[in-house]
Amino acid sequence: MSRGEVPASFEPFLALYAPHCLVEFPLMSRSVQQLDATIEVVTPENIAFHYRVAGPFSRLAALLMDYALRLMGFGAICLLTLLILALLAIVLPGIRGVFTFLSSFATAILVVSWFVLDWFYGGILETYWNGQTLGKRIFGLRVLTIHGEPINGLQAVLRNVLRYVDLFPLLSLEIFNGLGPEQMFENQRWPSAYVIPTLIVGLVAMMLNRRYQRLGDLVCGTMVVIDERQWLTGIVKLEDQRASQLAGLLPADFVVSPTLARALAMYVDRRRFFSFARRREIAKHLAEPLLKRFGLPLDTSYDLLLCALYYRAFVADLGDAATGAGEDPFRTAQPFRTEDPFRRSALGPPTSVVVPVPSSANSTVA
Amino acid sequence: MKVAELLDLRRRNWQELERLCDEVQTLRKSELNPAVISRFATLYRAACADLALADAYQLPPNTVRYLHQLVARAHNQLYRSRPFEPAAWMELLFEQVPRRIFSDRCVQLAFLLFWGVFILSAVLASRKDLWPDYAEQVLTPSMIHQLEQNFDEPLTGRAYELNLIMAAGYIQHNTSIGLKCFAGGLLIIPGLFVTMFNAGFLGAAFGYMARPEVSAGENFFQFVTAHGPFELTAVVLSAGAGLRLGVSLLITHGFTRVDSLRKTANEAMPIMAAAMILFFLAAFTEAFISPSSLPYVIKAIWAIASSTGLMFYFVVLGFPRRRVRANG
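Chains as they are written, first to last, in our numbering: chain Y, 1 to 366; chain E, 1001 to 1328.
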């Protein structure tokens, strides 16, 4: 009974929290992992970290934003060229030949810049901005290879050129012919130009693989991930003093196992969003058998017990008071030293060291 | 030691790494201070180690999630995307691409398809006894009328300014068609459709203009001679490169379909790049040489020279040879 084993009734407790932390739980099957679209990437440093893959709809938003920005950018180039031409016309009124040459040169540049924007906007930006276009930057997306490395120029250009097929099938403008008020468009006939994208090919391709890759992505071996940022939240401050007091009453030889610690952390992190009745309902599965095991009165608040366990697991160690902190290998840990403090810690996880404490000491701590 | 204390110790490093990520993001590699890079790398390794030991430390899940994202961000800054390297591209374009084109069955197939349909269509359009209305059905009468009008008068040369605009227009229009041929090739059918549609249409126009009673014919052939070799070769190349992508999905040589596609894409993209260069050359020829009043001989010489150049590129540079340097 010295180790905190997971009681049988712990399973539903885990299941309740499954949606919030799919990756961390080895119990959860891969099908659950897919719900969250998380991809694991192993780096050259032999670290595995997780990316959330961007789904079709956040990518659609970025695509539309890119289209809009591209149009605006082209408009800006046009205006700028016009402005420069107008200024030149004022400055050089006499030399008409030069001006006509300049204006046609400007037109040629506009046509070519439209071509470049049309086909290579994404490719160029993703090459020089580390896998992001303007739209992707705004919506917090980034293109990576499927191994989590940054893409190279070839991949960036190719995946953007191949977008043309992902927009298939294209519809003709003729579909607008029957629409609209009759009298307004009586003589209006839309030409037969196949330019309206439906994105169906790309969408189907995305549905058929785990990383939501469209055809262009499949060809280049790239994927789009969410460039997430999160604030470091750290340890939850328990405002209820009784939790720390109760922690002192728990048996000194009870060690919180890693799985239990994780479940506790998740519970305490989210309990402020729950009502009292809901907290009681959730905590009951775990707290009831534990109360029996600890021999505490059964009418103790379930929520309080879990908070006390959390306090014991994460905040205060009873052992610190008894043994003194000087021997702790973490105390001197400096992450930027090369003589590695982690190596020692890796040999023995700190929490598995049980320090026997006389039961009289319990009341003095906390 | 408890997690709370550990977090207090580590927080400073993580937040410094976060700040460095923000700073480094906007800078280019040459602008970075070496001290910053080395500090960044140390902090990154430390964060990696923290993440690796997260289980042993019993870090709470939200901190682990934070670390995942921090390490991912730092990783993205440390391993950045590599832009194009001109020297590597020159070697690719003049050594590897011609060899690939020379031995590529898909380019050969696209060549046969394009020219087969082109010649068939031209023959049908030029002779009235086989299919009397063929040219009118393919080109539509209004298009024929416009074509005849365009080439009614002998080529006297356009204004220089107009040529510039036309060059840009040709680049935009023709290269777009080439890129569409290439991208459509991934699904095979759209690529074949675009290729054969263009072949049939162009063939019909050539055939119609070759009819003896069409007066605009002579001017038309004077116009198209100069840029024909570049432009038509470029269309064939882009169609072939696209087809290569699509076919790699069907014939996988033992790879999975996606792997086969990925492997082929690296080979097909440089071919497309070569095709784009040809499109640009064709556009400038079409804008500056074709409509000019230069004598036909010069345009013909240009056409012969460009064909010879292409032949040299495909056959001499492309002829399969044993790799000497690869073994040495």
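Note that beta-carbon positions come from the ideal geometry of N, C-alpha and C, so glycine has one too.
Do Leu173(Y) and Val201(Y) count as a contact pair if the criterion is CB distance below 8 Å? Your numbering for residue 201(Y) matches position 201 in the first sequence. Your numbering for residue 173(Y) matches position 173 in the first sequence. No.
Measure the Cβ-Cβ separation of Thr38(Y) and Val143(Y) and say whether it is below 8 Å. Residue 38(Y) sits at position 38 when you count from the first residue of the first sequence. Residue 143(Y) sits at position 143 when you count from the first residue of the first sequence. No; because the gap between Cβ atoms is not below 8 Å, this pair is not in contact.
Which class does Glu24(Y) belong to by DSSP, given the choice of helix, strand or coil? For the purposes of this step, residue 24(Y) is taken as the residue at position 24 of the first sequence. Model confidence at Glu24(Y) stands at a pLDDT of 41, short of 50, so the residue's coordinates are unreliable; what they give is reported in the following sentence. In the three-state reduction of the DSSP assignment, Glu24(Y) falls in the coil class.
Distance, Leu1007(E) Cα to Phe1280(E) Cα: Within the second sequence, the letter at position 280 stands for residue 1280(E). Within the second sequence, the letter at position 7 stands for residue 1007(E). Cα to Cα, Phe1280(E) sits roughly 60 Å from Leu1007(E).
Compile a chain-ordered list of the residues in the stretch 1036-1049 of chain E whose CB is closer than 9 Å to at least one CB of chain Y. Taken in chain order, the members of the stretch 1036-1049 of chain E whose beta-carbon sits within less than 9 Å of a beta-carbon on chain Y are Arg1039, Thr1042, Leu1043, Tyr1044, Arg1045, Ala1046, Ala1047, Cys1048 and Ala1049.
So with Cβ pairs under 8 Å, would you call Met1196(E) a contact of chain Y? Start at 1 with the first residue of the second sequence, and residue 1196(E) comes out as number 196. Taking Cβ atoms only, chain Y never reaches closer than 8 Å to Met1196(E), which makes this a no.
Between the C-alpha atoms of Ile124(Y) and Asn152(Y), what's the straight-line distance to the nearest angstrom? Start at 1 with the first residue of the first sequence, and residue 124(Y) comes out as number 124. Start at 1 with the first residue of the first sequence, and residue 152(Y) comes out as number 152. Going by the C-alpha atoms only, they are around 11 Å apart.
Could you tell me the distance, in whole angstroms, from the CA atom of Ala15(Y) to the CA atom of Val1235(E)? As a first step, residue 15(Y) is located in the first sequence; it is residue number 15 there, counting from the start. As a first step, residue 1235(E) is located in the second sequence; it is residue number 235 there, counting from the start. Unreliable positioning characterises Ala15(Y) in this predicted model, as indicated by a pLDDT of 42, which lies under 50. The coordinate reading is nonetheless provided below. Roughly 58 Å separates the two Cα atoms.
Length-filtered (3 minimum) beta strand (DSSP E) runs lying within the stretch 1240-1306 of chain E: If we require 3 residues or more, the stretch 1240-1306 of chain E turns out to have no beta strand (DSSP E) run fully inside it.
Identify every residue that forms a DSSP beta bridge with Thr1140(E). Start at 1 with the first residue of the second sequence, and residue 1140(E) comes out as number 140. Answer is none; Thr1140(E) lacks a bridge partner.
Given a cut-off of 8 Å, decide if Lys1180(E) and Tyr121(Y) are closer than it, judged by their beta-carbon atoms. Reading the first sequence from its first residue, position 121 is the one you call residue 121(Y). Reading the second sequence from its first residue, position 180 is the one you call residue 1180(E). The answer is no: Cβ separation not under 8 Å.
Identity of the residue in Glu149(Y), Leu215(Y) and His285(Y) nearest Leu167(Y) by Cα: For the purposes of this step, residue 167(Y) is taken as residue 167 along the first sequence, with counting starting at 1. Closest option to Leu167(Y), Cα to Cα, is Leu215(Y).
Can you list the residues of chain Y that Thr1175(E) reaches, using a CB-CB cut of under 7 Å? Residue numbering aside, residue 1175(E) sits at position 175 when the second sequence is read from its first letter. Those are Phe115, listed as they occur along chain Y.
Starting from Gly1240(E), find everything on chain Y with Cβ-Cβ shorter than 9 Å and list it in chain order. Working through the second sequence from its first residue, we reach residue 1240(E) at position 240. Residues of chain Y passing the Cβ test: none, with the nearest at roughly 16 Å.
Presumed contact (8 Å Cβ cut-off) between Ala247(Y) and Ala308(Y), rounded CB distance: What you label residue 247(Y) is simply residue 247 of the first sequence in a count that begins at 1. What you label residue 308(Y) is simply residue 308 of the first sequence in a count that begins at 1. Right, their Cβ atoms sit about 4 Å apart.
I'd like to confirm something about Val256(Y): is its beta-carbon nearer than 7 Å to some heavy atom of the ligand SAM, or not? The ligand SAM is not part of the structure shown, which contains no ligands of any sort.
Would you mind stating whether Gly1200(E) and Gly1242(E) have Cβ atoms separated by less than 8 Å? If you number the second sequence from 1, residue 1200(E) lands on position 200. If you number the second sequence from 1, residue 1242(E) lands on position 242. Taking the C-beta atoms as reference points, Gly1242(E) is found no nearer than 8 Å to Gly1200(E).
Counting only beta-carbon separations shorter than 8 Å, does Val195(Y) have a partner in chain E? For the purposes of this step, residue 195(Y) is identified with residue 195 of the first sequence, where counting begins at 1. Val195(Y) has a beta carbon lying at 8 Å or more from every beta carbon in chain E.
When burial is assigned at 16 or more other CB atoms within 10 Å of the CB, is Ser1038(E) buried or exposed? If you number the second sequence from 1, residue 1038(E) lands on position 38. That one is exposed.
May I ask you to report which of helix, strand or coil DSSP gives Arg137(Y)? The count along the first sequence starts at 1 and reaches residue 137(Y) at position 137. In this structure, Arg137(Y) counts as helix in the three-state DSSP scheme.
Just tell me which of Phe294(Y), Leu304(Y) and Arg293(Y) has its CA closest to the CA of Gln245(Y). In the first sequence, counting from the first residue as 1, residue 245(Y) sits at position 245. When Phe294(Y), Leu304(Y) and Arg293(Y) are compared, the shortest CA-CA separation from Gln245(Y) is found for Leu304(Y).
Taking a cut of 9 Å between CB atoms, which residues from the stretch 1159-1188 of chain E lie near chain Y? The stretch 1159-1188 of chain E vs chain Y, Cβ under 9 Å: Ala1159, Tyr1160, Glu1161, Leu1162, Asn1163, Leu1164, Ile1165, Met1166, Ala1167, Ala1168, Gly1169, Ile1171, Gln1172, His1173, Thr1175, Ser1176, Leu1179, Lys1180, Phe1182, Ala1183, Gly1184, Gly1185, Leu1186 and Leu1187.
Would you grab the beta carbon distance between Gly1240(E) and Leu1120(E) for me? Rounded to a whole angstrom, and I think it's under 8 Å. Translated into positions along the second sequence, residue 1240(E) becomes position 240. Translated into positions along the second sequence, residue 1120(E) becomes position 120. Cβ-Cβ separation between Gly1240(E) and Leu1120(E): approximately 19 Å, too far for a contact (criterion under 8 Å).
How long is the line joining the alpha carbons of Leu306(Y) and Gly55(Y), rounded to whole angstroms? Stepping through the first sequence from its first residue, residue 306(Y) is reached at position 306. Stepping through the first sequence from its first residue, residue 55(Y) is reached at position 55. Approximately 37 Å, taken between the alpha carbons.
is_contact[Val161(Y), chain E] using C-beta, thresh 8 Å: In the first sequence, counting from the first residue as 1, residue 161(Y) sits at position 161. Chain E contact via Cβ: present.
Looking at chain E, is there any beta carbon in it that lies within less than 8 Å of the beta carbon of His147(Y)? Here the question's residue 147(Y) lines up with position 147 in the first sequence. Taking 8 Å as the CB threshold, His147(Y) stays off the interface with chain E.
How many Å lie between Ala1049(E) and Trp1014(E) at the Cα? On the second sequence, position 49 is the one that residue 1049(E) refers to. On the second sequence, position 14 is the one that residue 1014(E) refers to. Roughly 12 Å separates the two Cα atoms.
Every unbroken alpha helix (DSSP H) inside the stretch 1132-1215 of chain E [4 residues or more]: Whole alpha helix (DSSP H) segments, 4+ residues: 1134-1139, 1141-1150, 1160-1185 and 1189-1209.
Measure the C-alpha to C-alpha separation of His1227(E) and Met1166(E) and round it to an integer number of angstroms. For this step, residue 1227(E) is matched to residue 227 along the second sequence. For this step, residue 1166(E) is matched to residue 166 along the second sequence. One alpha carbon belongs to His1227(E), the other to Met1166(E), and they sit about 14 Å apart.
Delimiting residues of the alpha helix (DSSP H) encompassing Ala193(Y): Sequence index remark: in the first sequence, residue 193(Y) carries index 193 (1-based). For Ala193(Y), no alpha helix (DSSP H) run applies, since DSSP gives it neither H nor E.
Under DSSP, the alpha helix (DSSP H) around His50(Y) begins and ends at which residues? What you label residue 50(Y) is simply residue 50 of the first sequence in a count that begins at 1. From DSSP, His50(Y) is part of no alpha helix (DSSP H) but of the beta strand (DSSP E) over Ala48 to Arg52.
Residue span of the beta strand (DSSP E) that contains Val256(Y), given as start and end: Mapped onto the first sequence, residue 256(Y) falls at position 256. Where Val256(Y) is concerned, there is no enclosing beta strand (DSSP E), given that its DSSP letter is neither H nor E.
Nearest residue (CA-CA) to Glu1023(E), options Leu1078(E), Pro1086(E) and Tyr1057(E): Residue 1023(E) sits at position 23 when you count from the first residue of the second sequence. For the residues Leu1078(E), Pro1086(E) and Tyr1057(E), the minimum Cα distance to Glu1023(E) belongs to Leu1078(E).
Look at the Cβ atom of Val219(Y), then the Cβ atom of Leu171(Y), and state whether they are nearer than 8 Å. For the purposes of this step, residue 219(Y) is identified with residue 219 of the first sequence, where counting begins at 1. For the purposes of this step, residue 171(Y) is identified with residue 171 of the first sequence, where counting begins at 1. Not a contact, by the Cβ cut-off of 8 Å.
If you follow the beta strand (DSSP E) that Thr38(Y) is in, where does it begin and where does it stop? Residue numbering aside, residue 38(Y) sits at position 38 when the first sequence is read from its first letter. Start and end: Thr38 to Val42.
Taking 8 Å as the CB-CB cut-off, is Lys1394(E) touching chain Y? Nothing can be reported for residue 1394(E), as the shown portion of chain E is limited to 1001 through 1328.
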